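Single-structure report; data block below.
Numbering (this note's numbering), first residue to last: 23 to 256.
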């Protein structure tokens with residue numbers, strides 16, 4: 023098992039989740055404080071309703087995984103795919119402890135990420151990365167907002183992880199995007215309009231990012247935190 027804090031003199035592999043790699047891209051200093059010094063970022067408010075939608079979608083797609091049949095959403099959108107059946111699928115979806123793992127030898131890092139789902143193209147036999155999203159907004163959902171670059175990097179990172187495990191992975195990922203409907207009565211039910219959004223990923227950013235990230239972790243604490251509260255170098 024990789025160490026929890028990065029130690030430059032250790033030969034042990036250091037484990038990073040997808041979210042921590044994304045943290046490096048968004049705020050390198052925050053990343054350094056968390057992984058080198060153990061100063062965690064403030065926790066985000068839990069998205070319990072979004073998590074509930076995720077679980078319901080997983081349960082629903084698992085029914086078709088067991089039957090090895092296409093989900094109606096795939097038929098409606100003319101996507102030639104079925105949910106992928108694999109003995110490790112539950113482990114792949116366990117983001118907190120497991121996920122898909124890949125060892126990156128040039129940096130001695132173990133990268134991992136818990137994906138929502140994987141489909142398989144019935145014509146090419148390529149795996150398809152799938153991510154579930156839930157929101158409630160006026161108009162159609164899309165991937166056009168600047169802040170959604172994180173969504174795109176997310177599926178690209180999963181593509182990179184699976185490729186590192188010798189899987190043939192399609193460049194095209196899909197977002198199952200559920201948009202909450204605000205009209206009508208509640209009656210103890212939330213209604214959604216679900217849209218399937220394809221996205222052609224490019225994971226070429228991952229390798230150089232990992233090299234940059236590792237070099238960043240090697241910086242001395244005083245060099246990194248100059249102009250901040252003085253601390254003793256380690």
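Just so it is clear, CB atoms sit at the ideal spot from N, CA and C, and this is done for glycine as well.
Keep in mind the model is a prediction, meaning the values are calculated, not measured.
Spatial distance of residue i from residue j (CA atoms)
i, j, result
"residue 24", "residue 234", "Confidence at residue 24 is low in this model, with a pLDDT of 45, below 50, so its placement is unreliable and the value that follows should be read with caution. Their backbone Cα atoms lie some 19 Å apart in a straight line."
"residue 56", "residue 122", "22 Å"
"residue 29", "residue 77", "37 Å"
"residue 109", "residue 206", "42 Å"
"residue 34", "residue 134", "16 Å"
"residue 71", "residue 31", "43 Å"
"residue 88", "residue 58", "43 Å"
"residue 49", "residue 91", "43 Å"
"residue 36", "residue 209", "49 Å"
"residue 162", "residue 204", "13 Å"
Beta-carbon spacing of residue i, residue j below 8 Å
i, j, result
"residue 184", "residue 149", "yes"
"residue 220", "residue 194", "yes"
"residue 167", "residue 141", "no"
"residue 99", "residue 218", "yes"
"residue 124", "residue 44", "no"
"residue 127", "residue 120", "no"
"residue 192", "residue 143", "yes"
"residue 257", "residue 181", "With the chain covering 23 to 256 only, the question about residue 257 has no answer from this structure."
"residue 131", "residue 38", "yes"
"residue 115", "residue 137", "yes"
Range covered by the alpha helix (DSSP H) that runs through residue i
i, result
"residue 72", "70-89"
"residue 270", "Residue 270 lies beyond the range of the chain shown here (23 to 256); nothing can be said about it."
"residue 97", "94-98"
"residue 226", "Residue 226 -> no alpha helix (DSSP H), and no H or E assigned at all."
"residue 46", "40-48"
I'd like the ranges of any alpha helix (DSSP H) spanning at least 4 consecutive residues and lying wholly in the stretch 105-180.
111-114
Are the stretch 152-166 and the stretch 191-202 in contact at 8 Å, needing three or more beta carbon pairs?
yes
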